[in-house]
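Reading through the structure tokens given below for one structure.
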Amino acid sequence: MVLDEKNKNPVKLVIAGHVDHGKSTLVGRLLHDSNLLPDGKMKSIQEMSERRGMPLEYAFLLDSLQAERDQGITIDVAQIPFKSSKRAYVIIDAPGHKEFLKNMISGAAQADAGVIVIDAFEGLQEQSRRHCYLLKLLGFNSIAVVVNKMDLIQYDQKIFRQISETLAKYLNQIGMHAQNIIPVSAREGEGLTTVSKHMTWYEGLTFVEAIDSIEQKPPLTNAPLRLPIQDIYKFDDRRILAGRVETGTLSLGDKVLFSPSNKTARISSFETWGETKTCEKVAAGQSVAFTLDEQIFVERGHIASDLKSPPIETNVFKARLFWLSEKPLLISQRMTLKLATSEYSVEIQSIEKCIDTQSLEPLPANNIKRNEIGDVTIRSKGTVVLDPHDVNAKMGRFTLIDQYETVGGGIVSMEGYPDQRGRYDVVSKNIEVVASKVDQSTRASVNEHQSGIIWLTGLSGAGKSTIALETERQLFQKGYQVYVLDGDNIRFGLSADLGFAPEDRTENIRRIGEVAKLFADAGILVITAFISPYRDDRDRVRAIAPDLFHEVFVKADLSTCETRDPKGLYAKARRGEIEDFTGISAPYEEPNEAELVIDTGEENIDQSVARLIDYVSSNFKL
Numbered sequence: 001m002v003l004d005e006k007n008k009n010p011v012k013l014v015i016a017g018h019v020d021h022g023k024s025t026l027v028g029r030l031l032h033d034s035n036l037l038p039d040g041k042m043k044s045i046q047e048m049s050e051r052r053g054m055p056l057e058y059a060f061l062l063d064s065l066q067a068e069r070d071q072g073i074t075i076d077v078a079q080i081p082f083k084s085s086k087r088a089y090v091i092i093d094a095p096g097h098k099e100f101l102k103n104m105i106s107g108a109a110q111a112d113a114g115v116i117v118i119d120a121f122e123g124l125q126e127q128s129r130r131h132c133y134l135l136k137l138l139g140f141n142s143i144a145v146v147v148n149k150m151d152l153i154q155y156d157q158k159i160f161r162q163i164s165e166t167l168a169k170y171l172n173q174i175g176m177h178a179q180n181i182i183p184v185s186a187r188e189g190e191g192l193t194t195v196s197k198h199m200t201w202y203e204g205l206t207f208v209e210a211i212d213s214i215e216q217k218p219p220l221t222n223a224p225l226r227l228p229i230q231d232i233y234k235f236d237d238r239r240i241l242a243g244r245v246e247t248g249t250l251s252l253g254d255k256v257l258f259s260p261s262n263k264t265a266r267i268s269s270f271e272t273w274g275e276t277k278t279c280e281k282v283a284a285g286q287s288v289a290f291t292l293d294e295q296i297f298v299e300r301g302h303i304a305s306d307l308k309s310p311p312i313e314t315n316v317f318k319a320r321l322f323w324l325s326e327k328p329l330l331i332s333q334r335m336t337l338k339l340a341t342s343e344y345s346v347e348i349q350s351i352e353k354c355i356d357t358q359s360l361e362p363l364p365a366n367n368i369k370r371n372e373i374g375d376v377t378i379r380s381k382g383t384v385v386l387d388p389h390d391v392n393a394k395m396g397r398f399t400l401i402d403q404y405e406t407v408g409g410g411i412v413s414m415e416g417y418p419d420q421r422g423r424y425d426v427v428s429k430n431i432e433v434v435a436s437k438v439d440q441s442t443r444a445s446v447n448e449h450q451s452g453i454i455w456l457t458g459l460s461g462a463g464k465s466t467i468a469l470e471t472e473r474q475l476f477q478k479g480y481q482v483y484v485l486d487g488d489n490i491r492f493g494l495s496a497d498l499g500f501a502p503e504d505r506t507e508n509i510r511r512i513g514e515v516a517k518l519f520a521d522a523g524i525l526v527i528t529a530f531i532s533p534y535r536d537d538r539d540r541v542r543a544i545a546p547d548l549f550h551e552v553f554v555k556a557d558l559s560t561c562e563t564r565d566p567k568g569l570y571a572k573a574r575r576g577e578i579e580d581f582t583g584i585s586a587p588y589e590e591p592n593e594a595e596l597v598i599d600t601g602e603e604n605i606d607q608s609v610a611r612l613i614d615y616v617s618s619n620f621k622l
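Once you know that position 151 of the sequence shown is 151 in the working numbering, the rest is easy, because the numbers rise by one and skip nothing.
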């Protein structure tokens, strides 16, 4: 069999579907009808079937584990080479039973294209829907669909059409489509390699024609460079870095950025072992070993990229994940996250919702059970290097490990969270810090109180500004040098150029933090009243002045704040008139360890102000 030159690289094709819908039988019969079985193999399978008192079972060609033969289900992932007249394939036969969903995902993650098998007699089952959804999560936008066991429904066109319409509707709802829907009887060999004599009403492609029509994804050479470092070797006097180019291209002399160290160097050489031929360029899908023109800090897990399009650096992101462990996923649960060649210690910060793969309805949840799909927020102890999945699937997909067991996986979204790369880097290099000749202790002695930053955070409508302004008035009457920095006032001046996108919110809080520190350095007790929705942003302000910062959580639930809605903002946000509104279309992350919590849902304003003044009296006296 001669293949087209352009199709010599095999297409990895995953075949998935509900248990016992005939995936293994389909592949076994396909190999038989294509004359690709080794000599004697068919005879042994026939004898094996006879010993079990069953008709010829083509699935035995694939079900290599004894347990699979005994139970009649596929447990492991089988990879089978196959050739049509047009191209080469590696067929990945993925298990359908929900108990082996992990194996199915493992197989699908390796694939270039996907096929879902549906039993014509049973129709679209829950597990079939879940497999479709998982393929979508793994980056498949289109699949081929096989409606198998048409012989059990007497090759009924009406039933086939009903299944096709139901499936097409479901796929459309999750953002996928069926490139082809093919009726077959795998056991009888109908519709696989030749047109079925029992389904003359069907005018579409055979199964083999359908998979041959799948456009093989080109290597991701047009995407920005992403090369995760797998290993580092010391050889002679060289330090050789090795890894696989996931996307983009890399040439000799290219200057590359390594994240998260943010060191740069040029590619000095590409290294080979036992070969005299050298290359000058590598592309997506190729493994490479290379040296740099200077010795910089690089280790396993670092990501090489071009300078103009680096990956994102963050320690918090949203994710849509599937959960595989018998124990439910819980808020605050700690695990290891694997992304590319890196491992990170992470915790589940919040669980937003579960998704019913049957109805596609979002369900509120405080945990995610086995084989469920949910939306979560993940926080890492260190900096994670990644791309959103919709930007770069290779760098936006992860797995979760708990005590050496794979317990889940998912895809990354940065919705609502800014890229943290270089946000606080000083641009100018020709500056130096100038020290005041009046220190803080002298200012405190004159003012008769310590200075500091009282950082009020909470939802819009929680009462931050009201509490801050009344506290300022009463403290001033007591002789305090005190000033309020209010969110709205700041946006009329200092931050007039900023909107409410995540990166603008982060920059706004950075500016306020720096200004608040200057006030505190001047001996003033500064009270800030800002939503400041992100923990990271507030933590960075604390890091600016760790001895001066006091976080006060002005607590009120969303319904209470909406009821108050002093500016009518919630109503506008609900109508879609305000984008990125905290609590509605943008996240709010409550403090973990605030110095003071004031619950304005339980206390009136006078009580809240009194509690804050008591705190000041206790913590800011000389």
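Each residue gets a CB set at the ideal place from its N, CA and C atoms; glycine is no exception.
With fewer than 16 other CB atoms across the displayed protein chains lying within 10 angstroms of its CB, phenylalanine 492 is exposed. The shortest CA-to-CA distance from threonine 582 to any of Gly601, Ala144, Cys561, Asp599 is the one to Cys561. Look at lysine 169 here: in three-state DSSP terms it is helix.
In the three-state DSSP reduction, glutamine 125 falls in the coil class, being neither helix nor strand. Of all C-beta pairs linking the stretch 449 to 461 to the stretch 526 to 543, three or more are shorter than 8 Å, placing the two stretches in contact.
Boundaries of the alpha helix (DSSP H) harbouring serine 608: 605 to 619, taken from the DSSP string. DSSP, reduced to helix, strand and coil, places serine 213 outside both helices and strands of the structure shown, so it counts as coil.
Residue pairing by DSSP puts phenylalanine 82 in a beta bridge opposite Tyr89. Collapsing the DSSP output to three states places tyrosine 133 in a helix. Residue range 23 to 33 is occupied by the alpha helix (DSSP H) that includes leucine 26. Note that the stretch 339 to 350 touches the stretch 368 to 384; at least 3 beta-carbon pairs, one per stretch, sit closer than 8 Å. Here the alpha carbons of proline 183 and phenylalanine 207 stand approximately 8 Å from one another.
Annotation for phenylalanine 492: the continuous alpha helix (DSSP H) segment containing it runs 487 to 492.
Taking a cut-off of 8 Å on C-beta distances, the stretch 79 to 87 touches the stretch 19 to 35, as three or more cross pairs fall below it. Below 8 Å, enough C-beta pairs join the stretch 442 to 455 and the stretch 512 to 523 to call them touching: three or more. The continuous stretches of beta strand (DSSP E) do not include valine 245, and DSSP gives it neither H nor E.
Ranking Leu307, Tyr588, Val90, Met176 by CA distance to the CA of leucine 135 puts Met176 first. Beyond the five residues adjoining it in sequence on each side, glycine 22 comes within less than 7 Å, by CB distance, of Val117, Asp119, Asn148, Lys149, Ala186 in the same chain, given in chain order. Aspartate 537 carries a helical assignment under DSSP once its states are collapsed to helix, strand and coil.
Fully contained in the stretch 305 to 358 are the following beta strand (DSSP E) runs of length 3 or more, in chain order: 312 to 323, 334 to 339, 342 to 355. Beta-bridge pairing by DSSP links serine 269 to Thr291. Between the alpha carbons of glycine 243 and aspartate 419 lies a gap of roughly 25 Å. Bridge partners of serine 441 according to DSSP: none are assigned. For proline 228, the pairing in a beta bridge is given by DSSP as Ile303.
In the DSSP annotation of this structure, the continuous segment of the alpha helix (DSSP H) that includes proline 502 starts and ends at 502 to 521.
Note on glutamine 481: 16 or more other CB atoms within 10 angstroms of its CB, so buried under the neighbour-count rule.
Counting C-beta atoms within 10 angstroms of its own C-beta, tyrosine 588 has 16 or more neighbours from the protein chains shown and is therefore classed as buried. By the 16-neighbour rule on beta-carbons within 10 angstroms, serine 436 is exposed. Counting along the chain, no beta strand (DSSP E) covers arginine 575, and no H or E run does either. By DSSP's assignment, valine 146 forms a beta bridge with Val117, Ile182.
Between the stretch 265 to 273 and the stretch 327 to 336 there are fewer than three inter-stretch CB-CB distances shorter than 8 Å, so the stretches are not counted as touching. Exclusion of the five residues before and after aspartate 231 leaves Ala242 as the residues of its chain whose Cβ lies within less than 6 Å of its Cβ. Taking a 10 Å sphere around the C-beta of leucine 485, we find 16 or more other C-beta atoms and assign the residue as buried. With 16 or more other Cβ atoms inside 10 Å of its own Cβ, lysine 464 counts as buried. Secondary structure at arginine 397: strand, using DSSP grouped into helix, strand and coil. By alpha-carbon distance to alanine 462, the top candidate from Ala543, Ile163, Ile544, Thr563 is Thr563.
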